[in-house]
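Inspection log for the structure reproduced underneath, given as structure tokens.
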Amino acid sequence: MPELPEVEVVRLGLERGVVGRTIREVSVGRARSIRRHLEGAGDFTSRLAGRTVLAASRRGKYLWLPLDSGEALTGHLGMSGQLLVVPADSPLQKHLHVRLEFADGGRELRFVDQRTFGGLLVVPGGDPVPPLLDHIARDPLDPQFDDEDFVARVRRRRTGIKRALLDQSLISGIGNIYADESLWRAGLHGARPTDVLTKPAVRRLLAHVRAVLGEAIAQGGTSFDALYVSTEGVSGLFERSLAVYGREDQPCPRCGAPIRREAFMNRSSFSCARCQPRPRGG
DNA sequence: AGTGACGCCTGGGAGC
DNA sequence: TGCTCCCAGGCGTCAC
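The following block contains the structure:
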């Protein structure tokens, strides 16, 4: 499940694998994967053919490749999207939807996506950020992320802290796994109301968010259900470092109390029953 | 403007 | 065995 660390690992792979290369031809096998490119497949492929990739960029969970045309090939991996850089003659993946061949005849870029929540599109801009992504907040690893502005905005919210962490217009890149891990490290239950958290508490949480994201990148991300791999097809190793996510009834690594699982936004939240007390009324 | 619910997808696993 | 149901969940859209 690609969140910021997984997407960053993919970005690094794209930087090594496709930056500086010129696209020769693009084929779209499944229109749904470019559904956000409203002009359709013909327009999509013609905007890419002959263009050179200038960089590999990321904000939160979005990726984009700025092109020499002033546009950018933008993508989101959704739940199960993969961007693979593979030899042109390698076997076709079952859920291969878009192929980009390069003029140098070397390895090609493939978009593979089982659940098809992800997708690609070509958009104007891209240096530094396509306007398409204006509504996506800076992520906490962005040097220009404004800590005190984040703290203030969180405390003005009237919601639970986990909902706030998952709100990509407030802070981007965090999904269910890293939200739960960060909250565990901070000793906060996700239902804790944002408007009564102290400034130091929010700052501490932000520090834990940064730490867990950084550690996960160093481990190549989390390949919890094997749907996430790097551009080289390699799984990440951070699953073994997860303290709470997916660990219902197992002992909390800090206190030994059983990890609890609760329904949350049509999915699950994992937390320690002792270290992360549920707020009253929550 | 902020808040929260909903729908989109597929495959693996549980249960019958 | 084979069927049905549930679950994973990021994000755009929509209602309030």
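When you line the first sequence up against our numbering, it's residues 1 to 282, in that order. Note that the Cβ used here is the ideal one computed from N, Cα and C, for glycine as well.
Supposed close pair residue i, residue j - CB separation, criterion 8 Å
| i | j | result |
| --- | --- | --- |
| Val26 | Ala49 | 6 Å |
| Glu108 | Leu100 | 6 Å |
| Arg155 | Val209 | 16 Å between Cβ atoms; not a contact. |
| Asn176 | Arg267 | 6 Å |
| Gln82 | Val129 | Not quite, the Cβ-Cβ distance comes to about 23 Å (not below 8 Å), so this is no contact. |
| Arg51 | Asp68 | 6 Å |
| Lys199 | Leu183 | Contact doesn't hold; Cβ gap of about 17 Å is too wide. |
Alpha-carbon spacing of residue i relative to residue j, whole angstroms
| i | j | result |
| --- | --- | --- |
| Ala263 | Ser269 | 6 Å |
| Ile34 | Leu63 | 14 Å |
| Pro140 | Pro5 | 11 Å |
| Gln168 | Ile174 | 8 Å |
| Ala56 | Asp43 | 22 Å |
| Val18 | His76 | 17 Å |
| Ser223 | Ile23 | 30 Å |
| Met1 | Val229 | 9 Å |
| Val98 | Gly256 | 47 Å |
| Glu339 | His37 | A query on residue 339 cannot be resolved here, the shown segment of the chain reaching from 1 to 282 and no further. |
| Ser80 | Arg32 | 14 Å |
| Arg185 | Arg16 | 33 Å |
DSSP beta-bridge partners of residue i
| i | result |
| --- | --- |
| Ala72 | Pro66 and Val123 |
| Cys272 | Ile259 |
| Pro193 | Gly160 |
| Arg21 | Arg21 pairs with nothing; no bridge assigned. |
Other residues of its chain near residue i: CB distance less than 7 Å, five sequence neighbours each side excluded
| i | result |
| --- | --- |
| Leu84 | Arg110, Val112, Thr231 and Gly233 |
| Glu71 | Arg47, Val122, Val123, Pro124 and Gly126 |
| Tyr245 | Ile177, Asp180, Glu181 and Phe270 |
| Val7 | Arg58, Lys61, Leu63 and Leu77 |
Cut-off 6 Å between Cβ atoms - residues of its own chain near residue i, not counting five sequence neighbours on either side
| i | result |
| --- | --- |
| Gly220 | Val9, Gly236 and Leu237 |
| Gly282 | In this prediction, Gly282 has a pLDDT of 47, which is less than 50 and means its spatial position is unreliable; what the coordinates show is noted afterwards. Cβ within range, chain order: Ala191. |
Does the region 247-262 come within contact of the region 203-214, defined as at least 3 CB pairs closer than 8 Å? no
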